[in-house]
Amino acid sequence: MAVITMIQAQKRAGRFNVYVDGHYAFPVSESVLIDFRLFKGMEVDQQLEARLSAADDVAKAYNRALDYLSQQLRTEKEVRTKLAGLEIAPEVIDETLERLVALNLVDDAHYAASYVRTMMRTSDKGPRVIRQHLRQKGVLEQPIDDALKLYSPEERQTVGTAVAQKLAKRYRHQAFHTQEQKIRQGLMTRGFAGDEITAMLATLDLTPDIDEQAALLAKQGEKLWHKYRTLAANERKYKTKQALYRKGFGLDDIDHWLVGMATVNDD
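All letters in the sequence shown, in the order written, are residues 523 to 789 by our numbering.
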């Protein structure tokens, strides 16, 4: 039976070289050294050496995972992806994750709750976008549902209303119908629900400035009227009306402006 004749510390902290029968045999981490109670004079067979090698692989993967986790909270999927990228064997990754989860160093429910709190404080995103991001990070639906309970209706209203106000300012010089449409679309893109968006829009008390809207219609209408100048009269009128309607102007306002344009051109 082979016998350990020396255990020598490496220059790298926490790593040791094991010599068997006077010859270098294999390296181990400090945790493996302690767990297996290795000592000089201990007998080692091939089966034990294989177990030591497997345990050392897990120890190295565990330390790699700890380095990755030291930067910020991570989900189980993120840790798996990181370790797989280091070409660590799947079975070693599984055992490493079991240890990390058992020690609460990887906890998707805790991660989801922390993520929701951070997004509430620092972003303009609603629940749907937050859910999508957590899904992409591998968090299951139940932990996501539990975490999103932290995002109260009052908090969502506050965040969404602030977004709506910014969007209203951004689109204030567009056709009134387009203003409302783009604000609604912006809130939907950020992950707020339809009924919440309606309530947020109601707080804005949007009302069109008649003079500003008339001036805006005239400005855009004149550009379009010039653009279609080579068309026949009826076709020119139809194309201009269609384009202005797509830009969010009302049909009655467009017709009124077109009557004025026809009068000017007749003169």
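In this text, a Cβ means the ideal position worked out from N, Cα and C, and glycines have one as well. Owing to the predicted nature of the structure, the values given are computational and were not obtained by experimental measurement.
Per-residue burial, residue i [other beta carbons within 10 Å of its own, 16 or more giving buried]
{"i": "Gln689", "result": "Per the sequence presented here, residue 689 reads as Leu, with Gln not at that position. With 16 or more other Cβ atoms within 10 Å, it is buried."}
{"i": "Thr680", "result": "exposed"}
{"i": "Lys647", "result": "buried"}
{"i": "Phe561", "result": "exposed"}
{"i": "Ala686", "result": "buried"}
{"i": "Glu702", "result": "buried"}
{"i": "Asp775", "result": "buried"}
{"i": "Ile732", "result": "exposed"}
{"i": "Ser575", "result": "exposed"}
{"i": "Val781", "result": "exposed"}
{"i": "Ile652", "result": "buried"}
{"i": "Leu605", "result": "buried"}
{"i": "Lys582", "result": "buried"}
{"i": "Ala535", "result": "exposed"}
Assigned secondary structure, residue i (DSSP; H/G/I helix, E/B strand, else coil)
{"i": "His695", "result": "coil"}
{"i": "Arg596", "result": "coil"}
{"i": "Met642", "result": "helix"}
{"i": "Ile526", "result": "strand"}
{"i": "Val566", "result": "strand"}
{"i": "Ala583", "result": "helix"}
{"i": "Ala531", "result": "strand"}
{"i": "Thr729", "result": "coil"}
{"i": "Ser636", "result": "helix"}
{"i": "Leu509", "result": "Within the shown structure, residues of the chain are numbered from 523 to 789, placing residue 509 beyond reach of any answer."}
{"i": "Tyr750", "result": "coil"}
{"i": "Ile647", "result": "Before going on, a small fix: residue 647 reads as Lys here, not Ile. Reduced to three states, the DSSP call for Lys647 is coil."}
{"i": "Leu560", "result": "coil"}
{"i": "Tyr760", "result": "helix"}
{"i": "Tyr767", "result": "helix"}
{"i": "Gly544", "result": "coil"}
{"i": "Leu627", "result": "coil"}
Those residues which DSSP pairs with residue i across a bridge
{"i": "Phe714", "result": "Bridge partners of Phe714: none, in fact."}
{"i": "Pro549", "result": "Asn539"}
Contact test: residue i Cβ vs the ligand FAD heavy atom, cutoff 8 Å
{"i": "Thr683", "result": "By its list of ligands, the structure shown contains no ligand whatsoever, and the ligand FAD lies outside what it can speak to."}
Stretch-stretch touch, CB-based, cutoff 8 Å, three pairs: the region 615-623 with the region 657-665: no
Stretch pair the region 715-724 + the region 682-701: three plus CB contacts closer than 8 Å: yes
The region 665-679 touching the region 740-754, judged by at least three CB pairs closer than 8 Å: no
Three-pair Cβ contact test at 8 Å for the region 662-670 versus the region 628-644: yes
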